[in-house]
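**Student:** Residue numbers (my numbering), protein chains in the order written: chain P, 142 to 379; chain L, 40 to 319.
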């Protein structure tokens with residue numbers, strides 16, 4: 142992709158760890174600089190949630206002279222998702238056959254993004270397995286984000302590890318597999334709420350520890366991208 | 040001359056005739072839909088589905104299986120983990136290993152806590168990626184399915200609604216339970232799930248609202264981390280029952296991670312009472 146400077150794949154272990162949420166906020170964060178062109182691509186055919194999280198539900202895609210045009214949230218932030226192709230949010234997407242899936246994915250990838258600094262692609266894979274795969278094909282791994290990492294009670298400030306796995310979590314995994322741990326994003330009820338409303342969590346809660354965590358992670362991603370070749374991978378785990 | 044229907048003639052298509060017409064139409068339309076094909080020896084199949092990853096299907100399915108078994112020890116309960124790409128049932132049920140083959144070349148499920156289990160996780164290494172597609176996955180699931188167990192709970196993977204796998208699983212579904220967290224994003228997918236089951240005539244027993252609230256262990260303050268009561272609202276819209284409201288509790292997660300599901304390891308706990316309430 143000549144017109145894309147840095148392609149970032151966001152992968153995850155299980156479903157439901159927060160890839161879409163994270164990707165959306167990565168896109169928001171990067172696009173805060175008006176001079177950075179950001180693209181967000183959601184290839185989830187079954188449950189595309191990116192349109193909702195970005196507040197773009199009901200938008201339509203159309204063809205321009207040079208291909209399919211993404212939906213622009215801001216001048217410098219374009220979004221593409223199969224969700225834009227469904228006529229109603231209630232449509233159960235029962236696609237049949239690998240060929241059809243392939244066609245859809247092809248369509249999504251053949252979007253005319255224009256000149257893009259960062260293309261964020263949200264996909265669906267298994268973290269640990271994927272890390273091995275990446276090493277095998279020498280796809281550079283930017284790092285792992287531990288999501289939903291801890292919850293601070295708003296009343297007494299006690300920290301609870303709701304989803305902490307008993308085998309050490311992302312830190313241990315990163316050490317084992319020799320990939321950087323980019324950061325830990327804590328749980329904050331306002332994150333889910335912002336996503337449901339289609340708003341940026343950063344605007345909603347600029348002082349939340351989660352916002353600080355996101356910003357630090359985004360910065361590390363930017364640094365990592367500027368140091369290397371255009372293609373990189375970012376893994377989300379919780 | 041264009042033929043126009045006489046309004047009087049049109050009226051004749053109401054009443055009994057239109058019933059037959061309706062039935063016939065349903066019949067024809069359902070030709071494309073998969074037919075029910077029961078499994079030998081299995082009386083009741085309940086699928087625990089969601090459409091959204093990470094809402095707690097596996098945890099719910101495991102604890103539901105145990106609760107059913109504890110409630111009536113005369114019932115044989117089985118647990119099938121249809122998640123081909125990321126099976127979590129083996130870990131939660133503290134089971135590992137190679138299933139033996141019976142005389143008739145069927146795989147014997149592995150047993151723990153009185154529940155017979157089958158999962159792709161028993162057939163492949165924990166860290167091996169599964170890059171199968173379409174037909175291969177279907178035939179794998181077919182092999183996993185044909186076990187001789189009476190009651191049967193299947194924890195479906197999130198991508199159940201994708202391509203051929205959907206069509207295939209429908210063959211044996213009788214009832215569905217849909218799990219969701221209160222968040223809109225998750226409910227969107229749960230709604231699609233409910234729609235799908237409706238389309239293929241699988242009755243949905245109801246919705247389970249999981250991870251509904253978190254109570255701080257220190258000060259007991261309650262926070263609705265993923266939103267409040269979203270699932271209840273959806274249930275009302277879809278005219279479904281809310282089967283249960285399960286809070287986020289450290290104990291549940293710890294129990295699952297160590298392979299000692301909470302219904303088994305702490306049967307008297309509050310968390311379990313939430314689950315038991317709706318099982319029966």
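Positions of the beta carbon are idealized from the N, C-alpha and C atoms, including for glycine.
(1) Going by the DSSP bridge assignment, what does residue 262/L pair with across the sheet?
(2) Please report the straight-line C-alpha distance between residue 127/L and residue 89/L, rounded to a whole angstrom.
(3) Can you check which of these residues, 301/P, 261/P and 150/P, is closest to residue 291/P by C-alpha distance?
(4) Determine the direct distance from the alpha carbon of residue 58/L to that of residue 331/P, and round the result to whole angstroms.
(5) Is the Cβ-Cβ distance between residue 198/P and residue 284/P less than 8 angstroms?
(6) Beta-carbon separation of residue 160/P and residue 257/P under 8 angstroms?
(7) Against chain L, with Cβ distances strictly below 8 angstroms, would residue 296/P count as a contact?
(8) Tell me where the alpha helix (DSSP H) around residue 151/L begins and ends.
(9) How many Å lie between residue 180/P and residue 258/L at the Cα?
(10) Using a threshold of 8 angstroms, state whether the C-beta atoms of residue 236/L and residue 270/L are closer than that.
(11) Touching or not, the region 164–177 of chain P and the region 210–229 of chain P, by the rule of three or more beta carbon pairs under 8 angstroms?
(12) Mind checking residue 278/P: buried by the 16 CB within 10 Å criterion, or exposed?
(13) Scan the region 257–285 of chain L for residues whose Cβ lies nearer than 8 angstroms to a Cβ of chain P and list them as they occur along the chain.
(14) When the distance is taken between beta carbons, is residue 157/P closer than 8 angstroms to residue 93/L?
(15) So is residue 158/P in contact with chain L if we call contact Cβ pairs under 8 angstroms?
(16) With 8 angstroms as the threshold, decide whether the Cβ of residue 304/P is near any Cβ in chain L.
(17) Decide if residue 113/L is buried, meaning its Cβ has at least 16 other Cβ atoms within 10 Å, or exposed.
(18) Please classify residue 99/L: does DSSP put it in a helix, a strand, or coil?
(19) Within 10 angstroms of the Cβ of residue 144/P, are there 16 or more other Cβ atoms? Answer buried if so, exposed if not.
(20) For residue 91/L, which residues in the same chain have their Cβ closer than 7 angstroms to its Cβ, ignoring the five residues on either side in sequence?
(21) Would you report the Cα separation of residue 319/P and residue 275/P, rounded to the nearest angstrom?
(22) May I ask you to report which of helix, strand or coil DSSP gives residue 111/L?
(23) Among 130/L, 139/L, 148/L and 131/L, whose alpha-carbon lies nearest the alpha-carbon of residue 117/L?
(24) Under 8 angstroms Cβ to Cβ from residue 316/P, same chain only, skipping five residues before and after it: list those, please.
(25) Can you tell me whether residue 82/L is buried or exposed? The criterion is at least 16 other CB atoms within 10 Å of its CB, across all chains shown.
(26) Taking the alpha-carbon positions, what's the residue 311/P to residue 152/P distance?
(27) Residues in the region 189–202 of chain P with C-beta within 9 angstroms of chain L's C-beta atoms, listed in sequence order?
(28) By Cβ distance below 6 angstroms, which residues in the same chain neighbour residue 295/L in space, the five residues on each side in sequence not counted?
(29) Establish whether the CB of residue 94/L and some CB of chain P are separated by less than 8 angstroms.
(30) For the alpha helix (DSSP H) containing residue 361/P, list its first residue and its last residue.
(31) Using a Cβ cut-off of 7 angstroms, pull out every chain P residue sitting near residue 26/L, in sequence order please.
(32) Fully enclosed by the region 263–320 of chain P, which beta strand (DSSP E) runs are 3 residues long or longer?
(33) If you follow the beta strand (DSSP E) that residue 208/P is part of, which residue opens it and which one closes it?
(34) Quick one: what does DSSP say residue 244/P is sitting in, helix, strand or coil?
(35) Taking the alpha carbon of residue 278/L as the point to measure from, which residue in 62/L, 221/L and 243/L has its own alpha carbon closest?
(36) Answer with yes or no whether the minimum CB distance from residue 134/L to chain P is below 8 angstroms.
**Tutor:** Here's the rundown:
(1) Beta-bridge partners of residue 262/L (DSSP): 253/L.
(2) Between residue 127/L and residue 89/L, the C-alpha separation is close to 15 angstroms.
(3) Considering only alpha carbons, the answer is 301/P.
(4) The C-alpha of residue 58/L is placed about 51 angstroms away from the C-alpha of residue 331/P.
(5) No, these two residues do not count as a Cβ contact at 8 angstroms.
(6) It is not a contact, given that the beta carbons lie outside the stated cut-off.
(7) With a threshold of 8 angstroms between beta carbons, residue 296/P makes contact with chain L.
(8) Not the alpha helix (DSSP H): residue 151/L falls in the beta strand (DSSP E), residues 149–151.
(9) So the two alpha carbons sit approximately 43 angstroms from each other.
(10) No, they are not a contact pair.
(11) Enough Cβ pairs lie closer than 8 angstroms, so yes.
(12) Exposed.
(13) Listed in sequence order: 257, 258, 260, 262, 263, 264, 265 and 266.
(14) Yes. Within cutoff.
(15) It does: the Cβ of residue 158/P has a partner Cβ on chain L nearer than 8 angstroms.
(16) When Cβ-Cβ separations below 8 angstroms define contact, residue 304/P makes contact with chain L.
(17) Residue 113/L is exposed by the Cβ-count criterion.
(18) Residue state, collapsed to three classes: helix.
(19) Residue 144/P comes out exposed.
(20) The residues are 197, 219, 225, 228 and 229.
(21) One C-alpha to the other measures close to 12 angstroms.
(22) The three-state reading of DSSP puts residue 111/L in coil, since its state is none of H, G, I, E or B.
(23) Of the listed residues, the one whose Cα sits closest to residue 117/L is 148/L.
(24) Correct list: empty, nothing qualifies.
(25) That one is exposed.
(26) A straight-line Cα-Cα distance of about 14 angstroms links residue 311/P and residue 152/P.
(27) So the list reads 190, 193 and 194, given in the order they occur along the chain.
(28) Contacts found: 98 and 131.
(29) Taking Cβ atoms only, chain P reaches closer than 8 angstroms to residue 94/L, which makes this a yes.
(30) First-last of the alpha helix (DSSP H) with residue 361/P: 350–368.
(31) Here chain L covers residues 40 to 319 and nothing more, so residue 26/L does not appear.
(32) For the region 263–320 of chain P, whole beta strand (DSSP E) runs of length 3 or above, ordered along the chain, are 282–287.
(33) Unbroken beta strand (DSSP E) run through residue 208/P: 208–210.
(34) Assigned with DSSP and collapsed to three states, residue 244/P falls in helix.
(35) The shortest C-alpha separation from residue 278/L is found at 243/L.
(36) Not an interface residue.
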